[in-house]
Every structure is written in C-alpha cells, then in structure tokens.
Amino acid sequence: MITGFAVTVAICATLVAAWSFVQAARRKLPDNALLAGLAVVELLLVAQLVIGVVLLIGGGNPGSMATYLAYLIGCLVVLPLGTVWALAERTRSSTVILGIACLAIPVMVLRLHEVWAGASA
1 MITGFAVTVA
11 ICATLVAAWS
21 FVQAARRKLP
31 DNALLAGLAV
41 VELLLVAQLV
51 IGVVLLIGGG
61 NPGSMATYLA
71 YLIGCLVVLP
81 LGTVWALAER
91 TRSSTVILGI
101 ACLAIPVMVL
111 RLHEVWAGAS
121 A
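Going letter by letter, the sequence shown gives residues 1 to 121 in full-length UniProt numbering.
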C-alpha cells in the first residue's frame with residue numbers, strides 16, 4: 001500500500017464525516033454538496049482498489065491475501081450502502097448514518113495498511 005495515499009483517503013473520509021455530523025447538529029438533511037463529498041471519497045476508494053490490485057500484480061504479498069482483498073473490496077461497499085440507507089430514510093438521523101459510514105473508512109484503511117504490512121490476525 002502507498003502510505004501517503006492511504007492517509008489521504010482516511011483524512012478525506014474523516015473530513016466528510018465531520019461535515020456530516022455538523023449538518024446533523026444543524027438539523028439538515030443530506031444535501032447534494034454532502035453527497036458530492038461522499039462521491040469524492042468513493043472515487044478515492046476506487047483509486048485505492050486499483051493501486052492495491054496493481055501492487056498485487058507487481059508481486060506484492062500482503063500478510064493475508066483473503067483479509068487484504070476483503071478490506072480492499074469492503075471499503076468500496078460501505079459508503080454506497082450507507083448512502084442508500086440514508087436516502088431511503090431522509091431524516092436528520094440519515095445524515096448521522098452517512099457520518100458513521102465515513103468514520104468506518106479510516107478504520108478499514110488502517111486495517112488494510114496493517115494487513116499489507118504483514119499483520120494477518
């Protein structure tokens with residue numbers, strides 16, 4: 001994994017999470033600007049997937065291939081599922097749901113980085 005890119009993804013996701021919680025505190029529903037922020041984070045996650053696959057093809061060897069692939073693909077699923085749930089509900093708590101989904105991303109990226117470094121458990 002590229003450490004700088006992983007940190008960038010984690011920081012962007014954390015910023016969008018904070019933005020989401022501020023919106024929830026202001027009793028705002030998810031708006032187009034917040035959804036655009038989520039889309040940017042998702043694009044970064046797609047780029048991370050591409051980087052991860054290229055590193056694997058280039059001979060990289062994570063601590064546990066199955067765990068690595070699970071986190072690599074799982075990162076892509078969290079935001080779309082959170083967004084579908086939030087848009088189906090459209091209440092103040094839906095903005096909180098988006099924030100929680102964004103907070104899951106830095107945790108998953110950190111774990112992905114650890115697995116790449118050789119931690120298999």
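Beta carbons are placed, not taken as given, at the ideal position from N, Cα and C, and that holds for glycine.
query                                                                                             : result
Same chain, Cβ closer than 7 angstroms to Ala-17, neighbours up to 5 away in sequence not counted : Gly-99, Cys-102 and Leu-103
Continuous alpha helix (DSSP H) stretch holding Ile-51: start and end                             : 32-57
First through last residue of the alpha helix (DSSP H) which encompasses Leu-98                   : 92-117
For Ser-120, the three-state DSSP class (helix, strand or coil)                                   : Unreliable placement is indicated for Ser-120, whose pLDDT of 49 sits below 50; the coordinate value is still reported in the next sentence. Coil, per DSSP.
Rounded separation between Ala-6 and Arg-111 - CA only                                            : 11 angstroms
Contact belief for Ala-10 with Val-109 at Cβ below 8 angstroms, rounded distance in angstroms     : 5 angstroms
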